[in-house]
Amino acid sequence: NNSKLIILSRSVDGKMLEKIQSDAKKQKVPLVKFEGTSVALGRLCGLQFRISTIAFTAIDEASIKSILKDEETNV
């Protein structure tokens, strides 16, 4: 697994959500829950289709820390 950060839209639920959370925890990959829909996450990524989950493989530690800090202040 090369993922360094995973972002989930609120469109992910049930067993899929549990599996992703479990796998991320096992691999010690930070997980961020995006409060928008998969459509909103797709638009945020500059895409014209739905994105329910996105895994970043090429992101530096400073960016990860910044995203996680922003997530903590929004909770």
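If you want my numbering, it's the 1-based position in the sequence shown plus 1135.
Note that the Cβ used here is the ideal one computed from N, Cα and C, for glycine as well.
If you're wondering where the values come from, they're calculated on a predicted model, not measured in any experiment.
So does the segment 1150-1158 actually touch the segment 1192-1208, counting three or more Cβ pairs closer than 8 Å? no
Do you know whose CA, among K1139, V1174 and T1188, lies nearest E1148's CA? The question names Glu, but residue 1148 in the sequence shown is Asp. When only C-alpha atoms are compared, the closest one is T1188.
Closer than 6 Å by C-beta to A1190: which residues in its own chain qualify, once you throw out the five before and the five after it? Chain order, please. S1138 and I1141
Given a cut-off of 8 Å, decide if V1167 and R1185 are closer than it, judged by their beta-carbon atoms. no
Any beta strand (DSSP E) of 3 or more consecutive residues that is wholly inside the segment 1143-1168: 1166-1168
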